[in-house]
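One structure below.
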Amino acid sequence: MMRKVTLVMVGALIGASAAVVATQSPLLTSTSAIAASAETYRQLTLFGDVFEKIRSDYVEKPDESKVVEAAISGMLSSLDPHSSYMDAKSYRDMQVQTRGEFGGLGIEVTMEDGLIKVVSPIDDTPAARAGILANDVITTIDGEQVQGLTLNQAVDKMRGPVKTDVKLKVIRSGQKDPLDVTLTRDVIRIKAVRFREEDDVGYLRVSQFNEQTFENLKDGIEKIAAAIPQDKLKGYVIDLRNNPGGLLDQAILVSDAFLDRGEIVSTRGRNADETQRFNAKLGDLAKGKPVVVLVNGGSASASEIVAGALQDHKRATVLGTRSFGKGSVQTIIPLGSNGALRLTTARYYTPSGRSIQARGIDPDIEVVPNVPDELKGRDENKGEAGLRGHLKNSDDERGASSAYVPTDPSKDDQLIAAFDLLRGKANPALQSKKADASGAQKDNAAPAKN
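Residue numbering for the sequence shown follows the numbering used here, beginning at 731 and increasing consecutively.
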């Protein structure tokens, strides 16, 4: 039987999408393939005829491998925003990034209307230091127009040898003229979790889910617990804002760090026998201390798995604004030395059975950030529901929300509200109560583990 390793990342972002990796190509080994119709075979014959016509009659001798790769890319991109073809280099790059270290600018991007749109810069990278912001639109890379390039091609152009420069032209909402930004490439070593003590509260910023995330989180919790006496420690803030996602196994481990029992997440494919359920194991690293999870419009995929699991089990209070709504799983199918396919194969569901696809996670307590006037209108993230060709969920699809996070913690209303909630302090943002899915009112006190 072919072994599968399940991963999850935010689809269509650099280094992020829900993925299952097969050890050998199921294109060659599958015994359960569905027979194609006669019409499908007719269309495949048509494809062959068109390819031969290109080979024989195109004005110049075509690069046949590029023509085939473009055809494969077209097939996959016609399915949904997260299915794609990765050539050998792109596949290697993806593998490198999931290890948490790669060369480049440190910028999460997606393709929108033929242009490269910034989802978020990664903390402490050239992109973040240069002032690149979420929702910036990149129009040229080293003087070359990005329109007409695939997402992978644009990413390749932004990557390169360490200590070399790349010039970007950026359109920013509210700015009359495009911005010219020069960044120096660096080795991007992603520390997935940064932590600090805030008097009597532990703060853990989880920027993405790579292979180091759980160990980083565990280390942070242990050091916070050692620094703050248990009788003084009020609880933990887990900051998942603008976290685009990452590996499913890491999302499961992070959720399990705060749970003793119960389902964490399930994935369901087209066939009933493809359902998988992942359950918590005994042990709570936080020792039952209250937890607040921060989310916003940039929190996607693996971030939503964690927020949804802890919310459904009432182990944490989710605070902030509605998340991105990326609720699908992609299978990474290696093609030998020829790259890999990233194919959407399943949806994932929270423990209560919710699909967050194109809907997102609604916070228990909504706290909308105070966005500066010059950024108003451009801080909103369209979310999964705003992506062309996204998998439909229901008539209740909703866009995401503000992805703005102030760089100054003293102006971060969401973070301040989380600290006040754990400390039981009065805060105007905490006065309203929000009904849960059953219509019952949720208590604003951050719950300890039940």
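Glycine included, each C-beta is placed from N, C-alpha and C at the ideal position.
Item to complete: May I ask you to report which of helix, strand or coil DSSP gives Phe1149?
Response: helix
Item to complete: Note the first and the last residue of the continuous alpha helix (DSSP H) segment covering Gln980.
Response: 978-986
Discussion item. I'd like to know whether the C-beta atoms of Gly1027 and Ala1148 end up nearer to each other than 8 Å.
Written reply: No. Outside cutoff.
Fill in: Closest residue to Ser814 among Val967, Val826, Ala800 (Cα-Cα distance)
Ala800
Worksheet entry | Strand pairing of Leu909, partner residues [DSSP] | Val900
Worksheet entry | Rounded C-alpha distance that separates Phe1008 from Ser820 | 30 Å
Discussion item. Going residue by residue through the stretch 1006-1069, where are the continuous beta strand (DSSP E) segments of at least 3 residues, counting only ones entirely within it?
Written reply: 1006-1009, 1021-1025, 1047-1050, 1058-1064
Item to complete: Please work out which residues of its chain come closer than 7 Å, Cβ to Cβ, to Leu970, disregarding the five sequence neighbours upstream and downstream, and give them in chain order.
Response: Val936, Val1023, Leu1024, Val1025, Ser1029, Ser1033, Val1036, Ala1037
Worksheet item: Where DSSP assigns a beta bridge to Phe925, which residues make up the other side?
Response: Within the DSSP bridge table, the entry for Phe925 names Leu934 as partners.
Practice prompt. Alpha carbon to alpha carbon, how far is Phe781 from Glu790? Give it in angstroms, no decimals.
Written response: 14 Å
Discussion item. Does the stretch 821-838 come into contact with the stretch 1012-1019, if we say contact requires no fewer than three beta-carbon pairs (one atom in each stretch) closer than 8 Å?
Written reply: no
Worksheet entry | Nearest residue (CA-CA) to Leu1105, options Asp866, Ser795, Tyr771, Lys948 | Asp866
Worksheet item: Taking Gly1090 as the reference, which of Gln1041, Gly1066, Thr1061, Gly1107 has the closest Cα?
Response: Gln1041
Worksheet item: Out of Gly1066, Val797, Gly1057, which has the shortest C-alpha to C-alpha gap to Tyr1079?
Response: Gly1057
Practice prompt. Name, in chain order, the residues that DSSP records as bridge partners for Ala1076.
Written response: Gly999, Val1059
Worksheet entry | Test item: CB-CB of Arg1045 and Leu989 under 8 Å | Going by C-beta atoms, Arg1045 is nearer than 8 Å to Leu989.
Fill in: Element boundaries [alpha helix (DSSP H), containing Lys948]
From DSSP, the alpha helix (DSSP H) with Lys948 extends over 943-957.
Worksheet entry | Distance between beta carbons of Thr855 and Leu881, contact taken as under 8 Å | Actually they do not touch by this definition, with Cβ atoms about 19 Å apart.
Worksheet item: Taking the continuous alpha helix (DSSP H) assigned at Ile784, which residues delimit it?
Response: Counting along the chain, the alpha helix (DSSP H) containing Ile784 begins and ends at 768-787.
Item to complete: Quickly, what does DSSP pair Tyr966 with across the bridge? List them, please.
Response: Assignment of beta-bridge partners to Tyr966 by DSSP yields Gly932, Val1021.
Worksheet item: In the structure shown, what three-state DSSP assignment does Glu874 receive?
Response: strand
Worksheet item: What number of angstroms, rounded off, separates the C-alpha of Ala765 from the C-alpha of Val917?
Response: 47 Å
Worksheet item: If you drop the 5 nearest sequence neighbours on each side, which residues of the same chain put their C-beta closer than 6 Å to that of Lys847?
Response: So the qualifying residues of the chain are Thr840, Val867.
Worksheet item: Are at least three pairs of beta-carbons, each pair with one atom in the stretch 1138-1148 and one in the stretch 1092-1101, less than 8 Å apart?
Response: Contact holds: three or more Cβ-Cβ distances are below 8 Å.
Discussion item. Just to confirm my understanding: we take Thr1074, look at its own chain, exclude 5 residues before and 5 after, and list those with CB closer than 6 Å. What are they?
Written reply: Asp810, His812, Ser813, Ser1058, Gln1060
Fill in: Alpha-carbon spacing of Leu743 relative to Glu838, whole angstroms
Residue confidence for Leu743 is low, a pLDDT of 37 falling below 50, so the modelled location carries little weight; the figure read from the coordinates is stated next. Answer to the nearest angstrom: the Cα atoms are 6 Å apart.
Worksheet item: Going along the chain, which residues of its own chain have a beta-carbon closer than 7 Å to the beta-carbon of Leu1160, five neighbours each way excluded?
Response: Around Leu1160: Ile1095, Ala1147, Asp1150, Leu1151, Asn1174.
Discussion item. Buried or exposed, going by whether 16 or more other CB atoms sit within 10 Å of the CB of Tyr788?
Written reply: exposed
Fill in: From Gly833, Glu952, Ile1062, residue whose alpha carbon lies closest to that of Thr894
Gly833
Discussion item. One question on the structure: do Gly950 and Val923 come within less than 8 Å of each other, judged by their Cβ atoms?
Written reply: yes
Practice prompt. Report the residue from Gly804, Ala1070, Ala1076 whose alpha carbon sits nearest the alpha carbon of Arg1000.
Written response: Considering only Gly804, Ala1070, Ala1076, the residue with the shortest C-alpha distance to Arg1000 is Ala1076.
Item to complete: Just the C-alpha distance for Ile802 and Pro1020, rounded to the nearest angstrom, thanks.
Response: 49 Å
Worksheet item: Taking C-alpha atoms, which residue in Thr1051, Tyr933, Gln1006 lies nearest to Gly1083?
Response: Gln1006
Worksheet item: Can you tell which of Gln980, Thr775, Gln1144, Ala955 has the C-alpha that lies nearest to the C-alpha of Phe944?
Response: Gln980
Worksheet item: If you run the structure through DSSP and keep just helix, strand and coil, what is Asp916?
Response: Annotated three-state conformation of Asp916 is strand, per DSSP.
Fill in: Inter-residue spacing [alpha-carbon to alpha-carbon] between Thr775 and Val798
Taking the straight line from one Cα to the other gives about 15 Å.
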